[in-house]
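In the working numbering, the protein residues as written are 3 to 259. Note that CB positions come from ideal geometry on N, CA and C, so glycine has one too.
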Ligand code: PGA
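Take a look at the structure:
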């Protein structure tokens, strides 16, 4: 399975999100029905989930949240629960995106609680990890990413139909239009898979975990990433807002699966 995830961030209003969801469904529904080996997921902002759920229901386009809180209910002003995401039809949820780490102080410990909550509700966490340019320049890329994986996924043991996706996103690449090379990403994918195998069994990793690449992925470079066997998909920001381009990426993803 190859997973293509569009992260719409806070780029669109509710009505713009609805329009984009409908357009992606229109472009991908027929193709996607014949190509179930690719999971195509859109992650609108929370307020747009309901309309996007209506637009994607019964289609090969799946829905994801961009964040979640770790409790089912309670006095947590401004947060959204995994229960609500589930009710709205989310099958996936991004957690630990670098923008949340940077602007909202999200830590690996918080990400870990979110991962465990999502798994409890049968929602696939898309756990973002990645180093800053300073960390990479200081030769700390591998250590930083491994530490993120170990903490964010502590005690996360997917069983049955539960799945875990780790998105390797070098933080300094996001939004720049200049991705790292597929070889560079592949090195990190191997490293992350190795860390996951130490935490889980090799079988669990093979059956229930995938590592995907994110950071300046577009229709021109996605094939290069997906040609690498350990890169099992892409988390896409900017290019996921362009329906034609995103549908073209979905097609490439399906062919690579
Ligand atoms: P980008 O964003 O594709 O615009 O670089 C990726 C992301 O933030 O997940």
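Would you check if the distance between the CB atom of residue i and the CB atom of residue j is smaller than 8 Å?
| i | j | result |
| --- | --- | --- |
| residue 214 | residue 169 | yes |
| residue 151 | residue 218 | no |
| residue 83 | residue 50 | no |
| residue 171 | residue 226 | no |
| residue 95 | residue 124 | no |
| residue 23 | residue 57 | yes |
| residue 220 | residue 247 | yes |
| residue 137 | residue 146 | yes |
| residue 9 | residue 239 | yes |
| residue 29 | residue 245 | yes |
| residue 121 | residue 160 | yes |
| residue 111 | residue 153 | yes |
| residue 237 | residue 7 | yes |
| residue 90 | residue 53 | no |
| residue 224 | residue 251 | yes |
| residue 173 | residue 134 | yes |
Looking only at its chain, what residues have a beta carbon closer than 8 Å to the beta carbon of residue i, apart from the 5 residues adjacent to it on each side?
| i | result |
| --- | --- |
| residue 4 | 39, 40, 41, 228, 234, 235, 255, 256, 258, 259 |
| residue 2 | Since the first residue of the chain shown is 3 and the last is 259, residue 2 is not available in this structure. |
| residue 163 | 124 |
Leaving aside the five residues before and after residue i along the sequence, list all residues of the same chain whose C-beta is less than 6 Å from its C-beta, in chain order.
| i | result |
| --- | --- |
| residue 211 | 166, 198 |
| residue 184 | 226, 227, 230 |
| residue 186 | none |
| residue 241 | 220, 247 |
| residue 148 | 197 |
Could you tell me how far apart the beta carbons of residue i and residue j are, in whole angstroms, since I believe they sit closer than 8 Å?
| i | j | result |
| --- | --- | --- |
| residue 47 | residue 68 | 6 Å |
| residue 181 | residue 26 | Not quite, the Cβ-Cβ distance comes to about 22 Å (not below 8 Å), so this is no contact. |
Spatial neighbours of residue i within its chain, please: CB distance less than 7 Å, with the 5 preceding and 5 following residues excluded, ordered by chain position.
| i | result |
| --- | --- |
| residue 108 | 98, 102 |
| residue 35 | 62 |
*Does the segment 54-74 come close enough to the segment 108-122 that 3 or more CB-CB pairs lie under 8 Å?*
yes
_For the pair the segment 138-149 and the segment 89-108, tell me if three or more CB-CB distances fall below 8 Å._
no
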